[in-house]
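Asks:
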Amino acid sequence: MSEMYVSAVLGRPVIDPSGATMGRLCDLRLAPGDVLPSVSGLYVRQGKAERYVPWRAVNLFTPVVVSASPDSAGPAEDVAEAGAIRLKRDVLDRQIVDVDGAKVVRVNDLKLRPVGSNLLVEAADVGLRGLVRRLGQLKFWDRLAKLFGPGLPSREIDWRFVAPLDKNADRLTLTVARERLTDMHPADIADILTQVPHKEVGTVIGSLDPETVGEAIGELDPELGGRMLSQLDSEKASDILEEMEPHEAADLLGDLPEEKARELLGLMDAEDAGMVQELLEHEEDTAGGLMNNLFASVPPAMTAEEAISYLRLVGAEVDNIYYVYVIRGDETPLGVVTLKRLLLSPPKTPVAEIMTVGLKAVSVDDNPDKVMEVIAKYNLLAVPVLDAVGHMAGIVPADDVLELYLPESITRKRFAAH
Amino acid sequence: MTAFSQTAPVKRFSWRNLLMFLAVLGPGIITANVDNDAGGITTYSLAGARYGYSLLWLLIPTTVSLVVVQEMCARMGAVTGKGLSDLIRESFGLRTTFYIMIALFLTNLGNTISEFAGIAAGMEIFGVSKFISVPIAAVLVWLLIVKGSYRIVEKVFLVACVIYLAYPLAALTADVPWGEVARASVTPTFKADSGFLAMMIGLVGTTIAPWMQFYQQAAVVEKGITADKYGYTRLDVIVGCVFAVAVALFIVVACAASIFRQGLPVETAADAAMALRPLVGQYASALFAVGLINASLFAAGVLPLSTAYYICEAMGWELGIDKDFRKAPEFFWLFTISVVVGALTILVPDMPLLAVMYVSQVVNGVVLPFVLICMLLLINDKRLMGRYVNGPVFNAVAWVTVVVLIGLTGLMTVDTVWPGSIGRLLSVFVTA
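Protein chains in written order, with this note's numbering: chain A, 1 to 418; chain B, 1001 to 1432.
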């Protein structure tokens, strides 16, 4: 026998070797395997009674008939229920993460393949073909579709790229799905997080490292991100906040109830918390609220060569390394030097000699329109933000202010059904 | 003041915070308000205009059922964190889900048609032909949902709902025999003709519409309400339901006190608007039209959108208005087809608009028991709900609703096929 679909075997009669019927196949029990999960037993229903038949007692398993020796069959309740994963109850019709396609889909059908004496779950069918097969109308619709084209499209996901959302069924996944999940782009992970029921968010986040989660949550609408964080335990949430960029973390905390925000800030590493707190003091719709307080700055006496090695040092932390701000000891900015300029200048030149003076800047209280205007007028990648006494408080990167001016349909939001 | 807020004021005032305050308006109150849409206003108006106060008694048991049903949805949403169509798919499998979704699609399509009928009827009062108003409204609704921001549209709609307060005012200004109203509210009366039966089903069906359960549960899930914060939501649901039925009661009373008493026929929306005459005189038609258009326009967007949303959720198709036709084809086509079919149906010449709105509410009442049965099976599933399963009182009320609705549907079908048979049957019992 070759590959078969679960929809074809569920509900089939199960007979014993003498041909007497034992009932109908109502579910399959799964056990984690070396590579793919395998079927470890059958649940057979006759009337109201449900019996469990271990896989070794099954003699014949085809879509037409299933045969098993009844000696080893026992009432289903006798088999330890705790932690048992049942294919129909726990996997079929459930949502899974298609790690390859980076989206959440529903299992319409499952493909089984016999290997040696085992029956393995090979793939999840999430396409239209699986859907009509479950409805028992495959032949009709397939023929109809063939009149117009290549027939019904099939979409199957190899089980190795499936990450179940059900905590219970999670044991069936291999490390490969988990590693793939971490490899996804944070924006894709953010997409998945918005599609997952809130109870399962913890499962997905739990399988990722705080840094990846931080980047992904930073991609979300702060209100939504804040809600996800408040569903995690505070210890985990503060770890994630530490990994986020301070201005994103500040946006998120600003949307949380004050008590929760305070608790999370308290749990964070003191240095990160300080950065975030500084940003929280500004009103949301001002340059201060938009800004990021991690930027590259050097004293005027530093040489081009030294400035480049400084960038190497802080580059991982700082988002924008294309502008290096030249700042006097009392934090007054003198000018800016671009990365290009640094690379092209003789290494020993002090930055004060190659910097552009007459810095275009905005003040912390300026509104986003003003910020946008300065960025657009002078073609900047980022604009420095000065506080009341003219000290540099942070920078607003062009993309952050641009986001405010994009049509709302482009920003990442799930349709609110209310 | 706490030490923290002195050092870092986390709460920053801005316009966004004000919008967020509006967003705190509970899912229960919003659902209840959307419930008083074109079909709702029409059905309540007709109930009052045709049968006077004699159907008022139905509103109290309907409120009880409505609270029970909506509370069940809110609880399921809070405990499981999943939408109703999600749960139906995961518990009953693909086949059952598929047929329920087809029924839901058709019912909601009927409702969408009735919303466009509401727009056409409202605009006709202003002398605008439906061949102009309906296509424009369809394009407007489509653009508003696909290109605009749903949240803002929702707030505008809710503010415009204040127009409904005209009904209580109209009822209070009119010369209403309140003693008779109070008596009628608690004295069951029953007529055995299919018109009366259909009106009963329509009243229940428009008050407890099947889409409301999906909508409410999705709203609870979307707001991220969890089981431990559920107490507030329960209150919100009760307040919303009572408010919705109170508006319904005043519409019935206002129509009974004016139209029914004077024995006027109700054929068009302009006739139904007469109920507001005691309050605003000659402006009654205009006020009624604005209220009707507002409710219809919003619901004409919400119903197709929610339908597309629930079906895609159940089927596991890509969804969301931030996607496009290429990324989420099923979602966008379902939405677009609903809007287009809804609008085209109304453009058929000589379509009786008021009748369309009314019949769609009767269909709601017929489909409702099946959704309720699914809900009852789900909410009593210990694996799913844990200690939050239904208590005996809730189960009793919900099952009685199911049985009564199925019974009424059966009676109505029999009476439609063999007109007058129920009346004869009843008279046999009375004489015997």
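The C-beta atom is built at its ideal place from N, Cα and C for all residues, glycine as well.
#1: Could you pull out every residue in the same chain whose Cβ sits closer than 6 Å to the Cβ of ASN1390(B), ignoring the five residues on either side in sequence?
#2: Residues of chain A with CB closer than 8 Å to the CB of ARG1089(B), please, in chain order.
#3: Distance check for LEU1235(B) and LEU359(A), CA to CA, integer angstroms please.
#4: Quick one: what does DSSP say ASN118(A) is sitting in, helix, strand or coil?
#5: Nearest by alpha-carbon distance to GLY47(A): which of VAL132(A), ARG24(A), VAL371(A) and SER40(A) is it?
#6: Would you say ALA307(A) and LEU264(A) are within 8 Å of each other, going by their C-beta atoms?
#7: Count the other CB atoms within 10 Å of the CB of PHE1332(B); is the residue buried (16 or more) or exposed (fewer)?
#8: Could you check if SER1065(B) is buried or exposed, using at least 16 other CB atoms within 10 Å of its CB as the buried criterion?
#9: Quick check on the DSSP output: what are the complete alpha helix (DSSP H) runs of length 4 or more inside the stretch 1221-1280 of chain B, in order along the chain?
#10: For chain B, check one thing: does any of its Cβ atoms lie closer than 8 Å to the Cβ of ARG134(A)?
#11: Hey, quick one: how far does the alpha helix (DSSP H) through LEU344(A) stretch, first residue to last?
#12: Got a sec: is the Cβ-Cβ distance from ASN379(A) to anything in chain B below 8 Å?
#13: Keeping to the same chain, check which residues put their C-beta closer than 8 Å to that of GLY1083(B); ignore five residues upstream and five downstream.
#14: Does the distance from the CB of ALA463(A) to the CB of ILE96(A) come in under 8 Å?
#15: Would you mind working out which of ALA1299(B), LEU1408(B), GLU1267(B) and GLY1040(B) sits nearest MET1351(B), comparing C-alpha positions?
#16: For PHE1021(B), count the other beta carbons within 10 Å of its own beta carbon; 16 or more makes it buried, fewer makes it exposed. Which is it?
#17: Just how far apart, CA to CA, sit GLU331(A) and GLU284(A)?
#18: Got a sec: which bits of the stretch 179-200 of chain A sit with their beta carbon under 7 Å from any beta carbon on chain B, in order along the chain?
#19: Pick out the complete alpha helix (DSSP H) segments inside the stretch 1106-1183 of chain B, 4 residues or longer, and give them in chain order.
#20: For SER230(A), which of helix, strand or coil comes out of DSSP?
#21: Sorted by chain position, which residues of the same chain lie with C-beta nearer than 6 Å to ALA145(A)'s C-beta, five sequence neighbours on each side aside?
#22: In chain order, which alpha helix (DSSP H) runs of at least 4 residues are fully inside the stretch 206-275 of chain A?
#23: Of all Cβ atoms in chain A, is any one closer than 8 Å to the Cβ of ALA1288(B)?
#24: Count the other CB atoms, across all protein chains shown, that sit within 10 Å of the CB of TYR1164(B); report buried if there are 16 or more and exposed otherwise.
#25: If contacts are defined as beta-carbon pairs under 8 Å, then THR1233(B) and GLY1386(B) qualify, I think. What distance do you get, rounded to the angstrom?
#26: Report the option in GLU248(A), PRO257(A) and ILE240(A) whose CA atom is closest to the CA atom of LEU267(A).
#27: Please report the distance separating the alpha-carbon of ILE1102(B) from that of ARG113(A).
#28: Starting from VAL126(A), find everything on chain B with Cβ-Cβ shorter than 8 Å and list it in chain order.
#29: Could you tell me whether any Cβ in chain A is nearer than 8 Å to the Cβ of GLY1224(B)?
#30: Can you pull the DSSP bridge partners for GLN1361(B)?
#31: Smallest Cα separation from GLY33(A): which of ALA102(A), VAL107(A), LEU110(A) and VAL115(A)?
#32: Listed from N- to C-terminal order along the chain, which residues in the stretch 1056-1088 of chain B have their beta-carbon within a distance smaller than 8 Å of any beta-carbon of chain A?
#33: Output yes or no for whether 8 Å exceeds the beta carbon distance between MET291(A) and VAL385(A).
#34: Step through the CB atoms of chain B and report whether any lies within less than 8 Å of the CB of ARG227(A).
#35: Taking the straight line between their C-alpha atoms, what separation do you get for VAL336(A) and ILE1337(B)?
#36: Could you tell me the alpha carbon to alpha carbon distance between PRO397(A) and LEU1303(B), rounded to whole angstroms?
Replies: This is what the structure gives:
#1: ILE1379 and ASN1380
#2: ASP93 and ARG106
#3: 57 Å
#4: strand
#5: ARG24(A)
#6: no
#7: PHE1332(B) is classed as buried because its beta carbon has at least 16 other beta carbons within 10 Å across all chains shown.
#8: Buried: at least 16 other Cβ atoms inside 10 Å.
#9: 1230-1255, 1269-1272 and 1277-1280
#10: yes
#11: That run of the alpha helix (DSSP H) goes 339-344.
#12: no
#13: GLY1077, PHE1214, GLN1217, ALA1218, VAL1221, TYR1310 and GLU1313
#14: The displayed coordinates of chain A run from 1 to 418. Any statement about residue 463(A) would go beyond what the structure contains.
#15: GLU1267(B)
#16: In this prediction, PHE1021(B) has a pLDDT of 40, which is less than 50 and means its spatial position is unreliable; what the coordinates show is noted afterwards. PHE1021(B) is exposed by the Cβ-count criterion.
#17: Spanning the two alpha carbons is a distance of roughly 24 Å.
#18: PRO197, HIS198 and LYS199
#19: 1130-1147, 1150-1160 and 1166-1173
#20: helix
#21: Taken in chain order, the residues that qualify are GLY151 and LEU152.
#22: 210-218, 222-231, 234-243, 246-254 and 258-267
#23: Checking the displayed sequence, the identity of residue 1288(B) turns out to be Phe instead of Ala. With 8 Å as the cut-off, PHE1288(B) does not count as an interface residue toward chain A.
#24: buried
#25: Contact doesn't hold; Cβ gap of about 17 Å is too wide.
#26: Answer by Cα proximity: ILE240(A).
#27: 33 Å
#28: GLY1316
#29: yes
#30: According to DSSP, GLN1361(B) bridges with nothing at all.
#31: VAL115(A)
#32: THR1080, GLY1081, LYS1082, GLY1083 and ASP1086
#33: In contact: MET291(A) and VAL385(A) (Cβ atoms closer than 8 Å).
#34: yes
#35: In this structure, the CA atom of VAL336(A) is about 56 Å from the CA atom of ILE1337(B).
#36: 41 Å
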